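Quick note on our numbering: the sequence shown kicks off at 524 and runs consecutively. Note that beta-carbon positions come from the ideal geometry of N, C-alpha and C, so glycine has one too. Predicted model only: the values in this text are computed from it and were never measured. What follows is a single structure, written as structure tokens, with notes after it.
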Amino acid sequence: MAGPLRFRRSEGTWTRDRIRTQLLAPLDERFGARLDGTWFSVGDSRYDAVRLDMENGDFALVAFSPERAYWLGNTETPEALWRTDKETFAEAPYAVSRWAERELTARLEVTDPWLADYEYLTWFFLPVFFSKDGRDTTRRFFNEDAAGFPDASREAGLEFYESLFSTGTLDEYRYTMASKLGTSPGFDLTRMRATMGEFTVAKILADAGLEFVPEVEQDSGHALDFAVGSRLVEVTRPEPPARRSHADHPVAAVKETGGAKRGDQLAKHPDATLFVDCTSFTDAEWAAVTGERPGVGHEPTVVFRARPEGWIEGYRYGSLPFDLDGGIELL
């Protein structure tokens, strides 16, 4: 599968003539393509820039100088760039990255102005909003499922995560976190909601004043969702009963989904804290869960539900290895 957008860096002299023969020509033969100007100039006088548009909707941006070129696109990579190094927005020169982000954001303002209204969320997910796999599914998810709040307005759901991204807490982990949402070949609602559950837990940890690192590889071969100091955190999100073929009661859904982790990551890391995200549950379903407060056979566990207004509540089993005050109201 294709991943999030990254630059390809090609050393050597690039000119418009070389771009036409080595990049445009093969894409034109393959898809039908044209060479256009860009909306913005690169903030570095050494670079010129062009845009390549394919008839199938793919695109590529190229910033080039007498020393090197940077390619960014969601189309088939021409052979002239096959053996080039890849760089993220953070790794490429600032002027080139800033130029590319301005180009992408401006186009999002034209195609999806409702999304571009959320400046920090848009910036964070640009690598997947324009990726080959995620460009349609991610935008559809934020539009139709309110970023994982199925019973809320689109605006309320996006505002919840805008408040998280505006803090800059996750900027360092942009590619690690954003790519989880946008690398599925189809519209996988269950997986995308589960990914947003990880962002919600990141918000809980950040609001509690805790420092953390996401997606931590372990010697066991597992990658747990977060490390808070020396403590590990894993997140899971049950689908609501209405979307389940079995475990069709909210309490059963929590038990089944949380319990499934015991045979996977938690079997190798029994001291990890498990967060069970019930944000997809209705008010009535959540009331049934909090009324019974089911465990999942693992401690410590936090079972919680977030609301788009910023309110997060839950309950716990076992003693937590860190203080969550300020991040969640524990019942």
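- Collapsing the DSSP output to three states places residue 563 in coil.
- For residue 569, the secondary structure class from DSSP, reduced to helix, strand or coil, is coil.
- Contact fails between the segment 807-823 and the segment 676-696, because fewer than three Cβ pairs, one in each stretch, are under 8 Å apart.
- DSSP places residue 531 in the strand class (E or B) of the three-state scheme.
- Bounds of the beta strand (DSSP E) holding residue 759 are 754-759.
- Judged by DSSP in its simplified three-state form, residue 819 adopts coil rather than helix or strand.
- Listed as beta-bridge partners of residue 837 by DSSP are 827 and 853.
- Rounded to the nearest angstrom, the Cβ distance from residue 824 to residue 781 is 7 Å, consistent with a contact under 8 Å.
- Inter-residue distance for residue 777 and residue 761 is about 6 Å (C-alpha atoms, whole angstroms).
- The C-alpha of residue 544 is placed about 19 Å away from the C-alpha of residue 570.
- Residue pairing by DSSP places residue 596 opposite 583 in a beta bridge.
- When Cβ pairs closer than 8 Å are counted between the two stretches, the segment 552-560 is seen not to touch the segment 624-638, the count staying below three.
- Distance between residue 852 and residue 704, taken at the CA atoms: about 27 Å.
- Taking a 10 Å sphere around the C-beta of residue 711, we find fewer than 16 other C-beta atoms and assign the residue as exposed.
- When the five nearest sequence neighbours on each side are left out, the beta carbons in the same chain lying within less than 6 Å of the beta carbon of residue 739 are those of 747 and 750, in order along the chain.
- Contact check for residue 757 and residue 733: beta-carbon distance about 16 Å, past the 8 Å limit, so the pair fails to qualify.
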